[in-house]
Structures are given as structure tokens and as C-alpha cells.
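Peer 1: Just dropping this structure here.
There are 2 protein chains.
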Amino acid sequence: MSDYSPGRPSATSLGDYARQSVQPGGWLRKEDLHACVRDPVMDTMNFLNEITVRYPAAISFAPGRPYDGFFDTEQIFTYIRCYLEHLAANGNSAAQIRDAMFQYGPTAGRIRQLIAASLRQDENIDVPPESIVVTVGCQEAMVLALRAIVSGREDVVLVSSPCYVGITGAARLLDIALTAVEEREDGFRCADLEDAVRAELARGRRPRAFYVVPDHSNPSGTTMSLGARHQLLELAGRHHLLLLEDSPYRLVSPGPHLPTLKSLDRQGAVLLLGSFSKTVFPGARVGFAVADQVVADHAGRTGLLADELAKIKSMVTVNTSPLSQAAVAGMLLASGGRIAECNAKTAAYYGNAMRSTINQLDQRFPADRRTALGVRWNEPNGGFFLTVRVPFRADNAALARSAEEFGVIWTPMYYFYPDGGGDYSIRLSISYLTQEDIEEGIARLTRFIEAEVHAAATIQ
Amino acid sequence: MSDYSPGRPSATSLGDYARQSVQPGGWLRKEDLHACVRDPVMDTMNFLNEITVRYPAAISFAPGRPYDGFFDTEQIFTYIRCYLEHLAANGNSAAQIRDAMFQYGPTAGRIRQLIAASLRQDENIDVPPESIVVTVGCQEAMVLALRAIVSGREDVVLVSSPCYVGITGAARLLDIALTAVEEREDGFRCADLEDAVRAELARGRRPRAFYVVPDHSNPSGTTMSLGARHQLLELAGRHHLLLLEDSPYRLVSPGPHLPTLKSLDRQGAVLLLGSFSKTVFPGARVGFAVADQVVADHAGRTGLLADELAKIKSMVTVNTSPLSQAAVAGMLLASGGRIAECNAKTAAYYGNAMRSTINQLDQRFPADRRTALGVRWNEPNGGFFLTVRVPFRADNAALARSAEEFGVIWTPMYYFYPDGGGDYSIRLSISYLTQEDIEEGIARLTRFIEAEVHAAATIQ
Numbered sequence: 001m002s003d004y005s006p007g008r009p010s011a012t013s014l015g016d017y018a019r020q021s022v023q024p025g026g027w028l029r030k031e032d033l034h035a036c037v038r039d040p041v042m043d044t045m046n047f048l049n050e051i052t053v054r055y056p057a058a059i060s061f062a063p064g065r066p067y068d069g070f071f072d073t074e075q076i077f078t079y080i081r082c083y084l085e086h087l088a089a090n091g092n093s094a095a096q097i098r099d100a101m102f103q104y105g106p107t108a109g110r111i112r113q114l115i116a117a118s119l120r121q122d123e124n125i126d127v128p129p130e131s132i133v134v135t136v137g138c139q140e141a142m143v144l145a146l147r148a149i150v151s152g153r154e155d156v157v158l159v160s161s162p163c164y165v166g167i168t169g170a171a172r173l174l175d176i177a178l179t180a181v182e183e184r185e186d187g188f189r190c191a192d193l194e195d196a197v198r199a200e201l202a203r204g205r206r207p208r209a210f211y212v213v214p215d216h217s218n219p220s221g222t223t224m225s226l227g228a229r230h231q232l233l234e235l236a237g238r239h240h241l242l243l244l245e246d247s248p249y250r251l252v253s254p255g256p257h258l259p260t261l262k263s264l265d266r267q268g269a270v271l272l273l274g275s276f277s278k279t280v281f282p283g284a285r286v287g288f289a290v291a292d293q294v295v296a297d298h299a300g301r302t303g304l305l306a307d308e309l310a311k312i313k314s315m316v317t318v319n320t321s322p323l324s325q326a327a328v329a330g331m332l333l334a335s336g337g338r339i340a341e342c343n344a345k346t347a348a349y350y351g352n353a354m355r356s357t358i359n360q361l362d363q364r365f366p367a368d369r370r371t372a373l374g375v376r377w378n379e380p381n382g383g384f385f386l387t388v389r390v391p392f393r394a395d396n397a398a399l400a401r402s403a404e405e406f407g408v409i410w411t412p413m414y415y416f417y418p419d420g421g422g423d424y425s426i427r428l429s430i431s432y433l434t435q436e437d438i439e440e441g442i443a444r445l446t447r448f449i450e451a452e453v454h455a456a457a458t459i460q
Numbered sequence: 461m462s463d464y465s466p467g468r469p470s471a472t473s474l475g476d477y478a479r480q481s482v483q484p485g486g487w488l489r490k491e492d493l494h495a496c497v498r499d500p501v502m503d504t505m506n507f508l509n510e511i512t513v514r515y516p517a518a519i520s521f522a523p524g525r526p527y528d529g530f531f532d533t534e535q536i537f538t539y540i541r542c543y544l545e546h547l548a549a550n551g552n553s554a555a556q557i558r559d560a561m562f563q564y565g566p567t568a569g570r571i572r573q574l575i576a577a578s579l580r581q582d583e584n585i586d587v588p589p590e591s592i593v594v595t596v597g598c599q600e601a602m603v604l605a606l607r608a609i610v611s612g613r614e615d616v617v618l619v620s621s622p623c624y625v626g627i628t629g630a631a632r633l634l635d636i637a638l639t640a641v642e643e644r645e646d647g648f649r650c651a652d653l654e655d656a657v658r659a660e661l662a663r664g665r666r667p668r669a670f671y672v673v674p675d676h677s678n679p680s681g682t683t684m685s686l687g688a689r690h691q692l693l694e695l696a697g698r699h700h701l702l703l704l705e706d707s708p709y710r711l712v713s714p715g716p717h718l719p720t721l722k723s724l725d726r727q728g729a730v731l732l733l734g735s736f737s738k739t740v741f742p743g744a745r746v747g748f749a750v751a752d753q754v755v756a757d758h759a760g761r762t763g764l765l766a767d768e769l770a771k772i773k774s775m776v777t778v779n780t781s782p783l784s785q786a787a788v789a790g791m792l793l794a795s796g797g798r799i800a801e802c803n804a805k806t807a808a809y810y811g812n813a814m815r816s817t818i819n820q821l822d823q824r825f826p827a828d829r830r831t832a833l834g835v836r837w838n839e840p841n842g843g844f845f846l847t848v849r850v851p852f853r854a855d856n857a858a859l860a861r862s863a864e865e866f867g868v869i870w871t872p873m874y875y876f877y878p879d880g881g882g883d884y885s886i887r888l889s890i891s892y893l894t895q896e897d898i899e900e901g902i903a904r905l906t907r908f909i910e911a912e913v914h915a916a917a918t919i920q
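Going down the list, the sequences are from chains A and B. With the working numbering applied, the first sequence corresponds to residues 1 to 460, in that order. With the working numbering applied, the second sequence corresponds to residues 461 to 920, in that order.
Spelled out as C-alpha cells, the structure:
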């Protein structure tokens, strides 16, 4: 993309510009900035991006971006027109429609009824539109939820670990303490969470919430059993713990699905963090929070937690772009609110990619070879990610060797452990690769793993 | 807007729903939530909204929303198409264009070059595109700026007071202490800021930044003189204070304009907070930060403050919707980046509204009457707002009487004073009223003011 006009000569180069404005001693010292910009996760993610740029011919199992092959740019216009027609059909004048697109609009969003209706149809979740806040992607929903429920330094939020970097980032931004509850190799155990809650209480802290991706988790790919879901709800009720449920991959995964925590929730324990990034398109940047918990003040006046989230949203982004909301609403209207149905083809695509990846691993590492090498992986039935355990330290140095010498890129799992861990695991993402790439990529990964094992054996 | 399908019966009514999910003792107590949701500004704003809803026939000088009469819904499609054509003309394939609209995109934004070029043309501000971060409205830019520069409890941000509620909200969200530097009746004085900085230093606090709207301020309508601008830059350099310059009304105000602080800045003192809400349309929710300050770490590695803001943005909203960015970019492209020229008609409209309002006040309160009553107002030459001093307490009770008995609504100025003050002033917004409304509205306001003065005299 180039300038449309030469105009005045622009600052020649960034390097020169930077040198010009350096002050004696530097205008700003990095250590004077907020600690969140020094979060090591930022540097590791930058490292991963650099590796990806430096080895463009490598096959990358790193990015968690959705597949866009079924998407057509024209759909954006179709979706927005569909919403405008819906507004007109519902008796809005041209001036009202102009207002709906042009002006700021309500803080909690314009398309809450459509979202509530789709939640009923797709997820058997029955909540009033008033309990929904439309957000700028799920990330903003996380920020609003964490900000609302953490009021002091004694408050702590627990997370299932390894965990999505978005929740870690939101917590760092707000100076909120996170405590990791580590998954076992077969997934989350409720008893581990209860131990962690008790330990926090014993330290004088107040556990406020537990963040979890129950289905096809990012990064590990694990899915929580139905039994664990019921246990978790029971535990949440007992400890007055809010469950922050984030489940972006369900409706783009082959079913059948277990019920969401929110659909099983009878006590207002679950705050659902919603995303349309995988089901509509990420560029819309539309997500939502469902917060139907009742909040009571001193005087006994009650309202919904969603009202409080909307207040906070007015301090973060004022409101979600009506343009983006129109695109999402148009897709919901065009599909009659059945997001799962509308994504059947996409879900099948991801399902095939996941199965192929697992098949290729099975073929490359037959049972005896697997045992001899100490390599194993889980077998998610949906989502974008699986985890491979390897018998060597899967750090940035190993990643650099893998990219340079073997032409294959993956994500070190230790990026996703807030309290450390995951040094011997890698995350493979299957969402953006063709069948050919998967086949060739797993072949390369196999050669890399065998070379690492061989090198370790030689040193010993 | 109604549901597209009856589906399962939805939760009958919000009231019933709320009662169902109330727990013994309440699931969440408001006092356990973060303090920002109890900010009194929230309640006052709600009160203002309620008044507006309760008296729909009243003429309202309250909303600061831009006039949308020159906007056509179809422009959205034209703008987006214009940007897509620009991408194609610059050698992007259909797949690359699809990717640009569909996927997440770069955290710092896709349209930084276009913004940099328009800043050069409209504002004589010459910064590299790398120093720009595209944000979800100016509000997110405020959050990013405050978060970056405040690292500890000893840090403090100063604000010109009365001040925009957006900056107060962003500070409350992040638990950041604000210190108000009160404007004089003729506007901001640099000596007052310096006194405040010295007082903070004496208390052991570290003044990090000063937030100011130099042109046609919201809420007071004052504009900082050229002399004050130079003094402020000099003071900022001396105290290593970052100036957060927010100037959303300049390019929709009749010129000529004084130079922005940023265009006078030779030392990297100014972080510009930009908005397209008034110049393009609020529904796009696109703003930006210009942060070309150099940041140096322990090891002497340097980068731009914009890079740090982008890291923080990844924790707040991940990125700004490419769809919204496309709409703004299309308008920039269509106007050759000359936002001021493109808004000439809008600026004339607001200019006329401001002059009419002042003329009506002049006519209704001739000089002798003005003095006798103790009523006076400022005469901004642009922007959306002016301030009227009244000889009675302009609080919510007065506002309710004004709306109910006289059919005119305004905003109490005390809403905008973080440390108290403004009890005898009201804000009038002229941006959304017709000439007829202004004439009738000022007539009603006059009757209200005279009645209040009379009532006060009767009591005494």
C-alpha cells in the first residue's frame, strides 16, 4: 500500500527518525512503562513471528488463524445489506437506519436479540438479550469480565493451564493475579481446582473466577468430560466462583458436542465469553459476553452483571462498531441464526485436517517406535490444536533448528503456562493447512524429532 | 428489531428472569465489583439519559453526537469498495484482498500510511507510519496511552479540568490517579500546571503526563492560545511530562486553526490521540494514537512507543476491525487525504449553529440584563460546546426542573470536574440541533434561568 500523494517529504526512514528524536538519556525508559509490555509472552510471540518470516518456505503448524477458503469478500456486502433490509422490514425509516450505522449506538450493542436467538438455537442457552454485551472480539469480553469481578489485590483468578494467551494478557493489563491449575495429561481435574481454591483461601486471597475452554482447548486440544462439567458447576456453586467459559471452536468442530457449561448452569455461575471470529470472520472483530448474574447493591437494588460490563465497556471502546455488528447480524439472519449449520462445511474441513494430522503421526510413529522414542500426542475430536509430547526440550532454540534445518514450524507449549511448565511439548495447529502440507509437514516434523533424539543420545 | 424465529420460548421477562437466578444473599454484591462501576459519573450520565427519555419533547443541548444529515448509508459501501479497489490497484491479488478483510490483520492497523499522509496534509504533522497505532475509537487510544506510561502507584496523570469523561473513565478502569488542573475562566494557564506538577513531586509522586484538548475543548469550549502552546511544550520538556493531545473537533470547525501541539513538538513530548468519529463517522469506531517517542531498554535497544502501545492493544482488542479501517481508508482515499476539505460543509454547519446559539444568548440577555442576573458565557469559534455560567446551583435537580417545566435539557458542568467544581455552570452542545431548535431552545433556557433566579430571590 503506498501513499496517494507525495505531499511533503516524509520522515526519511524510521532509523533516522528515531535518532533525531532521541533525547539525552532517552525520553522514555522501558522500565518506566507498565510491566505488561515486558511480559515475556510478548517476546516469545515476536520470536515465533520472526521465525515465520525468516523461513517462508517452512510448513507452519503455528498460526491459529481460521481457514478462509470458503469466504468471499463480497459476502461482507451481502451480510451488511441483509441487516439493513432487516432493519427496514422491521419498520425503521431511512433516517433511523442511517442513524443505526452512522452514530455511536448503544454501549451494550445493537444485535443482542439476534445473538440471544442464535444461542437458543445452536447451544440450548436461554438468556434474555439484556444479559448480552456485544464486544470488540472475545478479547474485550475477557477484559470486561476480569475488570468487573476483580476489585482488590486480594482477589485472584484461576486459569486452567496451559491456557490461552488472551486471558493472560488481559490479566497483565489490569494487574490481576492469575493462578494456574495445571491440566493432567488426560485433561482438567476438578479436584486440582478445589485444591488450588483452598490454597488461595489459606493464603488470605479471594478466588473470584476460573477461566476455562471446555471444548477443544487452545492450546492443548483437550475437551472436558460431561462428568467434569457437572462437578465443576457444583464446585463453583460451593465456592462462589464465577466460571469464565470460552468456547470459540465448538461450532466449527464436527459434532456431536457435549453441552456447554452455560447450558447446564442453573445457578448463574457461568459467564460465557463468546466469539464470532471462527464462525463468521475474525476481521469483523465481534464477540460478546453473556452475564446474566444478578448484582445487588447495598440498598438491595438489583441489576444484571451485563449492565456493569457495559459500563466498563464505555471506558474501553465506547461501543462495538455498528458496521461490524451489521456484518455479523447479516450472517445470523441469512442462516436463520443457525451458526452450526452454516459452518458445517468449515467444521468438516477442520475435522478432516485434524484426522489427517493424527493419521500421519500414527503412520510415522508406529506404536513401538513411539514408545522407544518417548513421543506421544492427544487425539482431539475437534478444534484447531493438538499437543505432541517430545523427549527433548521444545524451546525457541529447538524451534529455530526445526525451521532452519527441517522446514517445519510449531509452537512451544511452554508459551502457554503462566506458572512455568510445558517444556517438553509442542502445539500443532491444523486450521490453516492443506492435506498436502499436513502430509509433508508431519514427515518433516518426524525427521526433526528423530534428529533431536539422536543428537541427545550422541551427547549422552 | 425482533427475533427471526420463535424457537424455544425465551426467558419470559427480565424481571422474572432476575428473580429466578437470585441466590440466597445474592450471587454478586456490587461492592465486590471493581470500583470503576461505582464511579458517580456513570450514575450522572444515566440520570441525563433518563431525563432525555422521560421528556422527549424537550429540546436537548446535551448530546455531543455529530450531525448526520450530510451522511448517506450508501457511503459506507462506496468507501469500502474504494479501499478494495485501492488494494487491487496496488497489486494485491483477490486472495490477498480477501485475507485483508477476513483475517485478524496486524495489531497496529492496516491503514497507517494513509493516516500518516492525511496528518501531513491536514495538520502539518510529519510522522512515520510506524509511529501510528489504529485503535477502536479514540477511547481505546486513551486506554493504551495511560496503560503504557503509568507503571506504579506513585505515578500520576494530570488533566486539564473540566475534562472529557473518556479520560476519567480510562483512568478509573486502570486504577490510575488523576490530578485536575483547573482552567481559569479564560482557559488553561501553564503556571497552574507547573504548580500542580511541583505539588505532586513534593508529595513524592511522579507526574507522567498531562491530558488536554487544546482546541474547542469538551466540555468548556475553550481554545489554548499559541503562546500557551509554546509554554506548555517548554514545560513538558523541562519536567519530562508527556502531553496527551486530544483534538477531535479541529477539522470539523471553521478555520483558521492554531497549530496542534504535535506539529510544534520538536522533542517528542506529544502523544497525539486521534479520532475519526467526527470527521468520518462515529459508527466506524476508528481512532489512532501517534506515539513516535523513542523507548530505550536497559541494554540500549530502542523502539518506538507505538510498538509498546500495539503490545497493549493485543491485550485489549487484538486489532481494529479491518472492515471499519476499510471504511475510513476509503473516505481518506476518496478525499485525497484532505479531511478538512472534505468536512468543509460540516464545519460550516457547526460554525453556524455555534454563532446562532451565541447570537440568541446575546439577544435574550442584553449586556445590562446579563450583569444584573450574573449570567455569562464563552464564545468558542468552533467545536460542539460552550459554557454558560448561571447564578444558581446547576445540579440534577435543576436539570429535572428545566426539562419538566421549561422543556429544555443541558448538561451540568460539575459532571466534568474530577476533583469537584463547576456547580454554577452548564454545558450547551450545538452539534445536533437545527436553527429553529436553537432559537426555541435558547428562549426556553432563558425562561428557565430567569425563573431560577426569581425563585432564589423569593426565598431570600
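Positions of the beta carbon are idealized from the N, C-alpha and C atoms, including for glycine. Since this is a predicted model, take the numbers as computed values, not measurements.
Contact criterion: CB-CB distance below 8 Å. Does Pro742 (chain B) meet it with respect to chain A?
Peer 2: Yes, because at least one Cβ of chain A sits closer than 8 Å to the Cβ of Pro742 (chain B).
Peer 1: Thinking just about the alpha-carbon of each residue, which of B:Ser713, B:Ala787, B:Ser677 is nearest to the one in Met561 (chain B)?
Peer 2: Here the closest residue by C-alpha is B:Ala787.
Peer 1: Given this structure, state the Cα-to-Cα distance separating Gly407 (chain A) from Ala457 (chain A), to the nearest angstrom.
Peer 2: Between Gly407 (chain A) and Ala457 (chain A), the C-alpha separation is close to 23 Å.
Peer 1: Starting from the beta carbon of Val133 (chain A), find every residue of chain B whose beta carbon is closer than 7 Å, and list them in chain order.
Peer 2: Under the 7 Å cutoff, chain B gives no residues; its nearest Cβ is about 13 Å from Val133 (chain A).
Peer 1: Rounded to whole angstroms, how far is the Cβ of Ala800 (chain B) from the Cβ of Pro714 (chain B), which I believe are closer than 8 Å?
Peer 2: No, Ala800 (chain B) and Pro714 (chain B) are not in contact; Cβ-Cβ is about 10 Å, not under 8 Å.
Peer 1: Alpha carbon to alpha carbon, what distance is there between Ile909 (chain B) and Ala854 (chain B)?
Peer 2: Each residue's Cα considered, the two are about 10 Å apart.
Peer 1: Any idea which residues DSSP pairs Leu272 (chain A) with across the strands?
Peer 2: Leu272 (chain A) pairs with A:Glu245, A:Val290.
Peer 1: Evaluate Ser481 (chain B) with the Cβ neighbour count: other Cβ atoms within 10 Å of its Cβ, from every protein chain shown; 16 or more gives buried, anything less gives exposed.
Peer 2: The pLDDT assigned to Ser481 (chain B) is 40, lower than 50, so where the model puts this residue is not dependable, and the model offers no usable value.
Peer 1: Between which two residues does the beta strand (DSSP E) containing Ala209 (chain A) stretch?
Peer 2: It spans 206-212 - the beta strand (DSSP E) in which Ala209 (chain A) sits, taken as one unbroken run.
Peer 1: Buried or exposed, going by whether 16 or more other CB atoms sit within 10 Å of the CB of Val513 (chain B)?
Peer 2: The residue is exposed, with fewer than 16 neighbouring Cβ atoms inside 10 Å.
Peer 1: Grouping DSSP H, G and I as helix and E and B as strand, with all else coil, what is Val587 (chain B)?
Peer 2: In this structure, Val587 (chain B) counts as coil in the three-state DSSP scheme.
Peer 1: Taking the beta strand (DSSP E) that Ala177 (chain A) falls in, what are its first and last residues?
Peer 2: It spans 177-182 - the beta strand (DSSP E) in which Ala177 (chain A) sits, taken as one unbroken run.
Peer 1: With the cut-off set at 8 Å, would you say Pro667 (chain B) and Leu618 (chain B) are in Cβ contact?
Peer 2: Taking 8 Å as the Cβ cut-off, Pro667 (chain B) and Leu618 (chain B) qualify as a contacting pair.
Peer 1: Give me the residue from B:Thr504, B:Ile772, B:Cys802, B:Thr831 with the minimum Cα distance to Ala568 (chain B).
Peer 2: The candidate whose alpha carbon is nearest that of Ala568 (chain B) is B:Ile772.
Peer 1: Between Asp757 (chain B) and chain A, is there a C-beta pair that is closer than 8 Å?
Peer 2: Taking Cβ atoms only, chain A reaches closer than 8 Å to Asp757 (chain B), which makes this a yes.
Peer 1: Flag Tyr104 (chain A) as yes if its beta-carbon sits less than 8 Å from any beta-carbon of chain B, otherwise no.
Peer 2: Cβ-Cβ to chain B under 8 Å: yes for Tyr104 (chain A).
Peer 1: Looking at the structure shown, is Val156 (chain A) part of a helix, part of a strand, or coil, going by DSSP?
Peer 2: Note: Val156 (chain A) maps to strand in three-state DSSP.
Peer 1: Looking at the C-beta of Gly26 (chain A), does it have a partner C-beta in chain B at a distance below 8 Å?
Peer 2: Because Gly26 (chain A) carries a pLDDT of 44, less than 50, the predicted location of this residue cannot be relied on, and the following value inherits that uncertainty. Cβ-Cβ to chain B under 8 Å: yes for Gly26 (chain A).
Peer 1: Measure from the alpha carbon of Phe876 (chain B) to the alpha carbon of each residue in B:Asn838, B:Gly843, B:Gly681, then state which is nearest.
Peer 2: The candidate whose alpha carbon is nearest that of Phe876 (chain B) is B:Gly681.
Peer 1: Would you mind stating whether His230 (chain A) and Arg607 (chain B) have Cβ atoms separated by less than 8 Å?
Peer 2: Contact flag unset, no.
Peer 1: Give the interface partners of Ser784 (chain B) over in chain A, defined as CB-CB distance under 7 Å, in chain order.
Peer 2: Neighbours of Ser784 (chain B) on chain A, chain order: Ser321, Leu323, Ser324.
Peer 1: Between which residues of its own chain and Cys650 (chain B) is the CB-CB distance below 7 Å, once the five residues before and five after are set aside?
Peer 2: So the list reads Ala688, Gln691, Leu692, Leu695, once near-sequence residues are dropped.
Peer 1: Comparing alpha-carbon positions, which option in B:Val913, B:Gly880, B:Glu864 lies nearest Ser520 (chain B)?
Peer 2: Of the candidates B:Val913, B:Gly880, B:Glu864, the one whose C-alpha sits nearest the C-alpha of Ser520 (chain B) is B:Glu864.
Peer 1: For Ser578 (chain B), I'd like the list of residues in its chain whose CB is within less than 8 Å of its CB, leaving aside the five on either flank, ordered along the chain.
Peer 2: The answer, listed in chain order, is Leu792, Gly797, Arg798, Ile799.
Peer 1: When the Cα atoms are used, what is the spatial distance from Pro484 (chain B) to Gly268 (chain A)?
Peer 2: Here the model assigns Pro484 (chain B) a pLDDT of 40, short of 50, so the residue's position is not dependable and the matter cannot be decided.
Peer 1: Hey, how far is the Cα of Leu114 (chain A) from the Cα of Tyr83 (chain A)?
Peer 2: Rounded to whole angstroms, Leu114 (chain A) to Tyr83 (chain A) spans 11 Å at the Cα level.
Peer 1: Jot down the residue ranges of each uninterrupted alpha helix (DSSP H) in the region 523-588 of chain B, minimum 4 residues, whole runs only, in chain order.
Peer 2: Whole alpha helix (DSSP H) segments, 4+ residues: 534-549, 554-562, 572-583.
Peer 1: In this structure, does DSSP put Thr894 (chain B) in helix, strand or coil?
Peer 2: Residue state, collapsed to three classes: coil.
Peer 1: Work out the CA separation of Ile132 (chain A) and Leu272 (chain A) for me, nearest whole Å.
Peer 2: Computed Cα separation, rounded: 9 Å.
Peer 1: By how many angstroms is the C-alpha of Ile51 (chain A) removed from the C-alpha of Trp410 (chain A)?
Peer 2: About 10 Å.
Peer 1: Is Ser21 (chain A) close to chain B, meaning its C-beta is less than 8 Å from at least one C-beta of that chain?
Peer 2: Bear in mind that a pLDDT of 40 at Ser21 (chain A), under 50, signals an unreliable position, so the model cannot answer this.
Peer 1: Look at the alpha carbon of Gly779 (chain B) and the alpha carbon of Arg369 (chain A), and state the distance between them as a whole number of angstroms.
Peer 2: Note that residue 779 (chain B) corresponds to Asn in the displayed sequence, not to Gly. For Asn779 (chain B) and Arg369 (chain A), the distance between alpha carbons rounds to 44 Å.
Peer 1: Which two residues bound the contiguous alpha helix (DSSP H) that contains Leu634 (chain B)?
Peer 2: Unbroken run through Leu634 (chain B): none, as it is neither H nor E.
Peer 1: Under 8 Å Cβ-Cβ, which residues of chain B neighbour Thr73 (chain A)?
Peer 2: Near Thr73 (chain A) (Cβ distances below 8 Å), the residues of chain B are Leu544, Ala554, Ile557, Arg558, Met561, Phe562.
Peer 1: If I'm right that Val388 (chain A) touches Leu428 (chain A) with Cβ under 8 Å, what's the distance once you round it to whole angstroms?
Peer 2: Rounded, the Cβ-Cβ distance is 6 Å, consistent with contact.
Peer 1: Mind pulling the chain A residues with CB within less than 9 Å of His717 (chain B)?
Peer 2: Here the premise fails: no neighbours, minimum Cβ distance about 18 Å.
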